[in-house]
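In our numbering, the protein residues as written are 220 to 727.
Think of the CB as a built atom: it goes at the ideal place given N, C-alpha and C, for glycine as much as any other residue.
Working notes, beginning with the structure itself.
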């Protein structure tokens, strides 16, 4: 890709992102010009990666990719949680999730960690996610976490009780804004707090653990100044982000479900230990639902990525490729909720095939500038190419970027089918079209070609006919338009035109 072009576009379309902390869209200004520190809360590795993991990881893969595309140097840290994440994460009760899995499977905890970390990496590779710059593990940073606890104790915002150390939320809130990210109010937490049963060592139920004294049978435990135990869940991200990105760093990411208590805890810990917030910008992706319901094992709608790729699940009508899943997620803005359904996946499959087919055509097109330049066509193509930068720089709006790529694909198909003269486009415009279409489809959106099936070839042919019909209607050649619709209908392919001018089809 043309690096000079992207640097110019970065200046023309500066990145703006929605900051969950301020609850508004802000211009992104990195702490160190030209360099970005990005941290994402990664998976807790005790089970197979699922659709929720895919959305969060893919959201920030796009952030990583687009910033690199514009010429920024990005240090992307995505952690692995392998200790300290208890079953009831809000109340901090129950077994460690990794340790429980190890007990049930009669394995060493680190066997569980290694196995599911490998599975997670395989799934992310299938989805074509770029590996992070650094992927630290919580268990490898115990000393860093102990050091932060000492600083928080020194600041007076933590207390020791029977070998455990807890963060004093109420005391912290008297001089700091606890709840600024999540909107939680300490007075409401106090009013809604339950009577402490078996947790008398806490001053309040909403205080959270920095260090927990291990019970005699607990396996994953380390020595500390307070007891043999293990760190709290929130602490690990504070320690690893501070170590590799500094305090503060630029962007902290995660799913919306992590705002409270995890991210709120991170902010409080960091302010208590360093007298600074951890990050300047907070980004949160929305949830992925299935037929309108939150994905849950108890509801039977929990789908792992392996099940999606093989089709081995009662809710799936077929197997869906990793690129189909990737494209499906990117067709929605990361802050909007996505409802997963077979119909939506099948529509994404067709849409992706259309763009990949256009990319293939574009590679084969040979441009020779003619004498009669079409200024209007040049302007349309340049405007669509610019819109890709504009939309991606506007809070990473992949949905609108993809819509622009569809518009460009119609132009590409028109050149291929002779409905528009490629020679009437200037050399500069054609080069810009080629670099933009390929750059955004492959480098920014991260799509890769997959092995063609008979169904995908069929989709490409139908989409080509739809493009020809669309151009015919634009030229008021209704005889050709109707002929395509009627002949497709005779072989069982029904076209449907919506109010936005888009055409979809069903096969009977």
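query                                                                                                                                                                  : result
Give me the Cβ distance between residue 270 and residue 522, rounded to the nearest whole Å; I'm assuming they're in contact under 8 Å.                                : 6 Å
Within 8 Å, do at least three Cβ pairs link the region 595-605 to the region 544-562?                                                                                  : no
Whose C-beta lies closer than 7 Å to the C-beta of residue 415 among residues of the same chain, with five residues either side of it excluded?                        : Reliability fails at residue 415, whose pLDDT of 46 lies under 50, so the model's placement of it is uncertain and no value is given.
Hey, out of 643, 573, 500 and 429, whose CA is closest to residue 247's CA?                                                                                            : 500
Per DSSP, residue 238 is paired with what?                                                                                                                             : 243
Roughly how many angstroms separate the alpha carbons of residue 496 and residue 398, rounded to a whole number?                                                       : 13 Å
Would you say the region 285-300 touches the region 345-362, given that touching needs at least three Cβ pairs under 8 Å?                                              : yes
Relative to the C-alpha of residue 616, which candidate in 361, 702, 389 and 664 has its C-alpha closest?                                                              : 664
Which term fits residue 434, buried or exposed, when burial requires 16 or more other beta carbons within 10 angstroms of its beta carbon?                             : exposed
Counting only the same chain and skipping the five closest in sequence on each side, list residues whose C-beta sits under 6 Å from that of residue 703.               : 684 and 688
Quick one: using the 10 Å Cβ neighbour count with 16 as the cut-off for buried, is residue 375 buried or exposed?                                                      : exposed
Name, in chain order, the residues that DSSP records as bridge partners for residue 504.                                                                               : 474
Mind checking residue 231: buried by the 16 CB within 10 Å criterion, or exposed?                                                                                      : exposed
So, is residue 481 buried or exposed, given that buried needs 16 or more other C-beta atoms within 10 angstroms?                                                       : buried
Residue ranges of each alpha helix (DSSP H) run of no fewer than 4 residues wholly in the region 580-658, ordered along the chain?                                     : 594-612, 617-635 and 646-657
Can the beta-carbon of residue 291 be found less than 9 Å from the beta-carbon of residue 228?                                                                         : no
How is the beta strand (DSSP E) around residue 449 delimited, first residue to last?                                                                                   : 448-450
Determine, using beta carbons only, whether residue 328 and residue 438 come nearer to each other than 9 Å.                                                            : yes
If you measure between the beta carbons of residue 461 and residue 367, is that distance less than 9 Å?                                                                : yes
The ligand NAD heavy atoms versus the CB of residue 655: any closer than 8 Å?                                                                                          : As far as ligands go, the structure on display features none, and thus does not contain the ligand NAD.
Can you give me the C-alpha to C-alpha distance between residue 324 and residue 315, rounded to a whole angstrom?                                                      : 14 Å
State the CB to CB distance for the pair residue 340 and residue 613, rounded to an integer number of angstroms; the pair is presumed to be in contact (CB under 8 Å). : Residue 340 to residue 613, Cβ: 32 Å. No contact.
Please name the residue or residues paired with residue 441 in a DSSP beta bridge.                                                                                     : 448
Mind checking which residues open and close the beta strand (DSSP E) that includes residue 722?                                                                        : 722-726
Among 570, 666 and 662, which has the Cα closest to the Cα of residue 680?                                                                                             : 570
Could you tell me how far apart the beta carbons of residue 592 and residue 645 are, in whole angstroms, since I believe they sit closer than 8 Å?                     : 6 Å
Apart from the five residues just before and just after residue 526, which ones in its own chain have a Cβ nearer than 6 Å to its Cβ?                                  : 532
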